[in-house]
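> Have a look at this one.
Chains as they are written, first to last, in the working numbering: chain A, 1190 to 1444; chain B, 12 to 361.
What follows is the structure, encoded as structure tokens:
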């Protein structure tokens, strides 16, 4: 059985791997609510325009209303996803995008198919079948996505960390006196751990004083367990300073 | 690999920003034409960002930069490998007269299966009604079909005799028929995702209803009315539903993948464009059927002789059969869009 993750990993022909964060059912549901509201609004605006034709003919506006109620819900998603490269209004607001399962842009057939298959995804009501499929499928695909080979991703807005906010350029770091231990530390610490410590430092001013002390104490103890520096180097260094020192040796190599 | 992250970011950031700007420009205007130099520059920036991502991936300590670069490379990858080709003007006439009938013929086995299921339902419905006329309410659960056919025929002919009983509602009636039938057809197609079980069930049940109605009217000696009533629009509407069934069965076939060594995603990728062409053709057919049903089928003798209505239906049948069999010429390997998908795949495989 395939493992279910919230990421799709793609390997490019250049041999580089990148991950796409899959959108969960909740964010997709919220986007759908926005879209449903937009469709409702669009239909009613169009009906109010069409009803003015009633002066000329009684029958024609009724015919157009029938057509609008049918075409708007399907046409809205198809047109928006085509012109906005896989996004509708709701998806745009929640930072979601439909893409090909190989990470490529969609072609028109995929867009049409995934939207036509809403007919079966929405069974028996409120996208229950599609929602269940989304929960079961390892790529969080509803049946329409499965048929069209598409996935819905959450577009990451990655922010580059500003190290100057937490580390001065020439500040003294006692850990650097032990380059062999620093090298081992850099080897032992994972990207997730380093990222977590960096985030903690960047948000330290938002923390309550007691929680700040506790948090950095936990992080520092974790790092100390990984690599043991000589006692005289770290004994007078507070936990937060220790974490800063660790981050400094990880993120900045001095030459 | 150990790198000075800050120096690395400072050196590479201008390239990343340039690439991000290029991607944004293309997303804002998908039909933007780039010069050769611009394309080369884009490719260079993409390769540089890819190399940076590879470099940063070996450096265990920076999550947010890696996320940023993955996002950038992912977007550039999608843009470079799947840029929509120069906009080909979509010709609805060419599509309907060539691609649609070709697609239909290419999957003739699925169409034959769809027709067979429908006919099996019709035979069952007809036989069941003859064997047990009391089952009428179950076999065709529509109020207007519950009365004796002779009574209905008399009512319809009387209504036709007076002033136009559809006056002032023809357009809306036609629109309602078109949208309803198209919705049903989409449903038949979409149910292909239930491994075809839903498609088969809907095709069979529709066959049962039609067979029961036909048996009921023929049994009551109202054959001329039946054909005069059904043929003008049914000659197009029923084949349209059968084509929708064909599309659903193609989808189901791709899901099941019997005798295919291709993975599910590839099977579905190959079937997808054909399914879309078929359902598009169905929609066009149902627009015609809706117009005929509202403006022509509902008028009976003495206003419109049944012979004319039947002749009209028969001509439609012949034209439709000819269109399906011969329009578009020889079957090609697939539609343009399908070929584009294959080319894209080949390019990626390379």
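Ideal Cβ placement from N, Cα and C applies to all residues, glycine included.
In this text the structure is predicted, and so the values were computed from the model without any measurement.
When we look at the beta-carbon of residue 1380 of chain A and count the other beta-carbons within 10 Å, is it buried (16 or more) or exposed?
Translated into the one-based positions of the first chain, residue 1380 of chain A becomes position 191. By the neighbour-count rule (16 or more Cβ atoms within 10 Å), residue 1380 of chain A is buried.
> Starting from residue 341 of chain B, trace the beta strand (DSSP E) in both directions and tell me its first and last residue.
Position 330 of the second chain, counting from 1, holds the residue named residue 341 of chain B. Counting along the chain, residue 341 of chain B falls outside any beta strand (DSSP E), and DSSP gives it neither H nor E.
> In whole angstroms, what separates the C-alpha of residue 87 of chain B from that of residue 1287 of chain A?
Counting from 1 along the second chain, the entry for residue 87 of chain B is found at position 76. Counting from 1 along the first chain, the entry for residue 1287 of chain A is found at position 98. Cα to Cα, residue 87 of chain B sits roughly 16 Å from residue 1287 of chain A.
> Using the beta-carbon of each residue, which ones in chain A are nearer than 8 Å to residue 198 of chain B?
Reading the second chain from its first residue, position 187 is the one you call residue 198 of chain B. Near residue 198 of chain B (Cβ distances below 8 Å), the residues of chain A are 1308, 1309.
> Could you have a look at residue 19 of chain B and say whether DSSP puts it in helix, strand or coil?
Here residue 19 of chain B refers to the residue found at position 8 of the second chain. Reduced to three states, the DSSP call for residue 19 of chain B is helix.
> Hey, would you say residue 338 of chain B sits closer than 9 Å to residue 184 of chain B, going by beta carbons?
Within the second chain, numbered from 1, the residue matching residue 338 of chain B stands at position 327. Within the second chain, numbered from 1, the residue matching residue 184 of chain B stands at position 173. No. Outside cutoff.
> Could you compute how far the alpha carbon of residue 257 of chain B sits from the alpha carbon of residue 1219 of chain A?
Position 246 of the second chain holds residue 257 of chain B. Position 30 of the first chain holds residue 1219 of chain A. Rounded to whole angstroms, residue 257 of chain B to residue 1219 of chain A spans 35 Å at the Cα level.
> Just the chain B side, please: which residues come within less than 7 Å of residue 1434 of chain A by C-beta, in chain order?
As a first step, residue 1434 of chain A is located in the first chain; it is residue number 245 there, counting from the start. None at all; the shortest Cβ gap to chain B is about 14 Å.
> Taking 9 Å as the threshold (beta carbon to beta carbon), is residue 217 of chain B in contact with chain A?
Numbered from 1 along the second chain, position 206 holds the residue referred to as residue 217 of chain B. Answer no: the Cβ-Cβ gap between residue 217 of chain B and chain A never drops below 9 Å.
> State the DSSP-derived secondary structure class of residue 1469 of chain A, mapped to helix, strand or coil.
The structure shown has nothing for residue 1469 of chain A, since chain A only spans 1190 to 1444.
> Mind checking if residue 1294 of chain A is an interface residue toward chain B, Cβ cutoff 9 Å exclusive?
Looking up residue 1294 of chain A in the first chain gives position 105. For residue 1294 of chain A, the answer is yes, since a Cβ of chain B falls inside 9 Å of its Cβ.
> Measuring only between beta-carbons, confirm whether residue 222 of chain B sits less than 9 Å from chain A.
For the purposes of this step, residue 222 of chain B is identified with residue 211 of the second chain, where counting begins at 1. By this cut-off, residue 222 of chain B is not an interface position.
> Using C-beta distances below 7 Å, list every residue in its chain close to residue 114 of chain B, excluding the 5 sequence neighbours before and after it, in chain order.
Numbered from 1 along the second chain, position 103 holds the residue referred to as residue 114 of chain B. Hits under 7 Å: 285, 288, 289, 346.
> Just how far apart, CA to CA, sit residue 1416 of chain A and residue 59 of chain B?
For the purposes of this step, residue 1416 of chain A is identified with residue 227 of the first chain, where counting begins at 1. For the purposes of this step, residue 59 of chain B is identified with residue 48 of the second chain, where counting begins at 1. Straight-line Cα distance between these residues: approximately 35 Å.
> Provide the residue span of the beta strand (DSSP E) that contains residue 306 of chain B, from first to last.
What you label residue 306 of chain B is simply residue 295 of the second chain in a count that begins at 1. That residue, residue 306 of chain B, is in no beta strand (DSSP E); it is neither H nor E in DSSP.
> So, for residue 1292 of chain A: in the same chain, excluding its five sequence neighbours on each side, which residues have a beta-carbon less than 6 Å away from its beta-carbon?
What you label residue 1292 of chain A is simply residue 103 of the first chain in a count that begins at 1. Closer than 6 Å at Cβ, skipping near neighbours: 1199.
> Looking at the unbroken beta strand (DSSP E) that takes in residue 110 of chain B, where does it start and where does it end?
Indexing the second chain from 1 puts residue 110 of chain B at position 99. Element bounds for residue 110 of chain B: n/a, residue is neither H nor E.
> Under 8 Å by Cβ, that's how I've got residue 1248 of chain A and residue 180 of chain B pegged, so tell me the actual separation to the nearest angstrom.
As a working note, residue 1248 of chain A is residue 59 in the first chain. As a working note, residue 180 of chain B is residue 169 in the second chain. With a Cβ gap of about 6 Å, residue 1248 of chain A and residue 180 of chain B count as contacting.
> My assumption, with CB atoms under 8 Å, is that residue 43 of chain B sits in contact with residue 37 of chain B. Please give the rounded CB distance.
Here residue 43 of chain B refers to the residue found at position 32 when the second chain is read from its first residue. Here residue 37 of chain B refers to the residue found at position 26 when the second chain is read from its first residue. Residue 43 of chain B to residue 37 of chain B, Cβ: 6 Å. Contact.
> Output needed for residue 360 of chain B: all residues of its chain with C-beta closer than 7 Å, excluding positions within five of it in sequence on either side, in chain order.
For the purposes of this step, residue 360 of chain B is identified with residue 349 of the second chain, where counting begins at 1. Any reading at residue 360 of chain B is ruled out, since the residue's pLDDT is 48, under 50, leaving its predicted position unreliable.
> Over what stretch of residues does the beta strand (DSSP E) that includes residue 270 of chain B continue unbroken?
Along the second chain, read from residue 1 onward, the residue named residue 270 of chain B stands at position 259. Premise fails: residue 270 of chain B is in no beta strand (DSSP E) and is neither H nor E.
> Quick check on this structure: which residue in A/1272, A/1435, A/1361 has the alpha carbon closest to the alpha carbon of residue 1376 of chain A?
The residue you call residue 1376 of chain A lines up with position 187 of the first chain. Closest by alpha carbon: A/1435.
> Mind checking the stretch 101-128 of chain B against chain A and listing, in chain order, the residues whose C-beta falls within less than 7 Å of any C-beta there?
Listed by position, the residues of the stretch 101-128 of chain B near chain A (Cβ gap below 7 Å) amount to none.
> From residue 1281 of chain A to residue 1391 of chain A, what does the alpha carbon distance come to, in whole angstroms?
In the first chain, residue 1281 of chain A corresponds to position 92, counting from 1. In the first chain, residue 1391 of chain A corresponds to position 202, counting from 1. Approximately 29 Å between the Cα atoms of the pair.
> If we count the other Cβ atoms within 10 Å of its Cβ and call it buried at 16 or more, is residue 1215 of chain A buried or exposed?
Within the first chain, residue 1215 of chain A is the residue found at index 26, counting from 1. Classification of residue 1215 of chain A: exposed, given that the 10 Å Cβ count is below 16.
> What number of angstroms, rounded off, separates the C-alpha of residue 268 of chain B from the C-alpha of residue 282 of chain B?
Along the second chain, read from residue 1 onward, the residue named residue 268 of chain B stands at position 257. Along the second chain, read from residue 1 onward, the residue named residue 282 of chain B stands at position 271. In a straight line, the C-alpha of residue 268 of chain B is about 11 Å away from that of residue 282 of chain B.
> How big is the Cα-Cα spacing for residue 1304 of chain A and residue 1210 of chain A?
Against the first chain, residue 1304 of chain A aligns to sequence position 115. Against the first chain, residue 1210 of chain A aligns to sequence position 21. So the two alpha carbons sit approximately 22 Å from each other.
> Using a C-beta cutoff of 9 Å, does residue 1191 of chain A count as contacting chain B?
Your numbering for residue 1191 of chain A matches position 2 in the first chain. Confidence at residue 1191 of chain A is low in this model, with a pLDDT of 49, below 50, so the placement of that residue should be treated as unreliable; the coordinate-derived value is given next. Chain B, which has no Cβ nearer than 9 Å to the Cβ of residue 1191 of chain A, makes this no.
> Show which residues of chain A have a CB atom less than 9 Å away from the CB atom of residue 301 of chain B.
Here residue 301 of chain B refers to the residue found at position 290 of the second chain. The premise fails here: residue 301 of chain B is roughly 10 Å from chain A at the closest Cβ pair, so nothing lies under 9 Å.
> Examine chain A for any beta-carbon lying closer than 9 Å to the beta-carbon of residue 341 of chain B, and answer yes or no.
As a position in the second chain, residue 341 of chain B is number 330, starting the count at 1. No, residue 341 of chain B does not count as interfacial toward chain A.
> What are the residues that DSSP puts in a beta bridge with residue 80 of chain B?
Your numbering for residue 80 of chain B matches position 69 in the second chain. Paired residues: none, contrary to the question.
> Tell me, to the nearest whole angstrom, how far the beta carbon of residue 1401 of chain A is from that of residue 1393 of chain A; I am working on the premise that it is less than 8 Å.
The residue given as residue 1401 of chain A occupies position 212 in the first chain. The residue given as residue 1393 of chain A occupies position 204 in the first chain. The Cβ separation is near 6 Å, so the contact holds.
> May I have the straight-line CA-CA distance separating residue 189 of chain B from residue 147 of chain B, to the nearest angstrom?
As a working mapping, residue 189 of chain B is identified with position 178 in the second chain. As a working mapping, residue 147 of chain B is identified with position 136 in the second chain. Whole-angstrom Cα-Cα distance: 27 Å.
> What residues in the stretch 1232-1263 of chain A bring their beta carbon closer than 9 Å to a beta carbon of chain B?
If the cut-off is 9 Å between Cβ atoms, the stretch 1232-1263 of chain A has 1246, 1247, 1248, 1249, 1250, 1251, 1252, 1253, 1254, 1255, 1256, 1258, 1259, 1260, 1263 near chain B.
> What residues from chain B crowd round residue 1302 of chain A, counting only those whose CB sits closer than 7 Å?
Counting from 1 along the first chain, the entry for residue 1302 of chain A is found at position 113. Within 7 Å Cβ-Cβ: 283, 286, 287.
> Does any C-beta atom of chain B lie closer than 9 Å to the C-beta of residue 1218 of chain A?
Within the first chain, the letter at position 29 stands for residue 1218 of chain A. So, not an interface residue.
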